[in-house]
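The structure appears right after this line, and notes come after that.
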């Protein structure tokens with residue numbers, strides 16, 4: 016057990032706020048968060064070392080895992096409790112909206128956003144810039160975009176993602192359908208020689224992940240997972256000819272029988288391109304067709 020985990024255990028036992036159930040949930044949650052921080056490459060010597068960059072990294076990680084707003088709100092509550100106990104309440108933003116997380120009673124929000132060209136070009140590291148470009152043009156997860164190997168992935172008119180790059184080890188293919196995508200891949204091929212990846216030579220994935228977080232935040236880009244949502248919505252528009260429900264499109268009761276068939280077919284295709292095994296996950300990206 017590392018120092019941070021032991022510190023958090025002591026903190027919880029000495030501050031038994033709330034009910035027994037609340038105490039247990041908080042303890043388990045904070046221990047899990049400590050493990051996630053280690054996975055993300057942050058080895059905090061103790062609970063007092065929590066900083067805003069750690070919170071931002073965790074939230075981005077949770078968005079990348081497609082956790083719903085309710086789950087992320089709970090975890091932010093534990094982080095605020097932690098920050099309060101170490102007398103650093105400002106480490107965690109008070110408003111969940113700062114982390115692109117909806118308020119408790121709010122309807123499902125559209126998390127998609129287009130890549131701001133000014134902020135994109137402000138990213139100082141060319142490898143990070145290339146990863147962000149992949150997120151915007153192909154809807155890749157952050158880890159996939161960092162581990163991306165152009166020589167392996169680019170095969171004629173599609174990308175082939177290796178299982179070792181992807182969540183859950185599920186390899187997949189993504190079609191190359193636009194001139195913008197082709198141009199993005201040309202830029203990336205000029206950056207990476209041979210069989211290299213978007214992890215610079217002599218660096219590890221965790222080291223590049225930290226650089227990614229640093230340079231994107233410095234450029235004013237937060238929660239880049241929203242680029243993946245924008246990709247999904249653009250694909251829905253392309254496949255069906257109309258915007259998805261979250262972008263102001265029709266809901267299930269407004270669709271004709273033919274449109275319903277098209278909606279379902281598009282969702283299956285988009286789910287596969289995003290690397291998900293469940294059709295229901297498209298509700299997060301596109302909004303519910305049936306409401």
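Numbering (my numbering), first residue to last: 16 to 306.
Backbone N, C-alpha and C fix where the C-beta goes; we use that ideal spot for every residue, glycine too.
Treat the numbers as computed from the prediction; the structure is a model and nothing was measured.
Asked	Found
Write down every uninterrupted run of the beta strand (DSSP E) in the segment 152-239 whose length is 3 residues or greater and which is fully enclosed by it, in chain order.	173-176, 187-190
Are the segment 60-70 and the segment 96-113 touching, with three or more C-beta to C-beta distances below 8 Å?	yes
Suppose contacts are defined by Cβ-Cβ distances below 8 Å. Is residue 115 in contact with residue 256 by that definition?	no
Hey, residue 164 and residue 211: beta-carbon distance below 8 Å or not?	yes
Cα separation between residue 28 and residue 199?	52 Å
Does DSSP put residue 104 in a helix, a strand or coil?	helix
Output the distance between the C-alpha atoms of residue 140 and residue 147, rounded to the nearest integer angstrom.	11 Å
Can you find the residues in the same chain that come closer than 6 Å, C-beta to C-beta, to residue 142, ignoring five residues on each side of it along the sequence?	213, 215
Taking Cβ positions, are residue 286 and residue 273 nearer each other than 8 Å?	no
Measure from the alpha carbon of residue 223 to the alpha carbon of each residue in 209, 207, 162, then state which is nearest.	162
Using 10 angstroms around the beta-carbon of residue 243, count the other beta-carbons present and answer buried if the total reaches 16, otherwise exposed.	buried
How is residue 16 classed by DSSP in three states: helix, strand or coil?	coil
To the nearest angstrom, how far is the alpha carbon of residue 306 from that of residue 261?	Low confidence applies to residue 306: its pLDDT is 49, below 50, so where it sits in the model is not reliable enough to give any reading.
Mark residue 288 as exposed unless 16 or more other C-beta atoms lie within 10 angstroms of its C-beta, in which case mark it buried.	buried
Can you tell which of 94, 266, 276 has its C-alpha closest to the C-alpha of residue 301?	266
Is it true that the CB of residue 113 sits closer than 8 Å to the CB of residue 228?	no
Please classify residue 21: is it buried, with 16 or more other beta-carbons within 10 angstroms of its beta-carbon, or exposed?	exposed
The alpha helix (DSSP H) that contains residue 57, what's its start and end?	No alpha helix (DSSP H) contains residue 57, which DSSP labels as neither H nor E.
Suppose contacts are defined by Cβ-Cβ distances below 8 Å. Is residue 188 in contact with residue 173 by that definition?	yes
So, is residue 249 buried or exposed, given that buried needs 16 or more other C-beta atoms within 10 angstroms?	buried
Leaving out five residues on either side along the sequence, give the residues of the same chain with a beta carbon under 6 Å from the beta carbon of residue 233.	none
Give the straight-line distance between the Cα atoms of residue 57 and residue 271, rounded to the nearest whole angstrom.	51 Å
For residue 139, does the three-state DSSP call read helix, strand or coil?	coil
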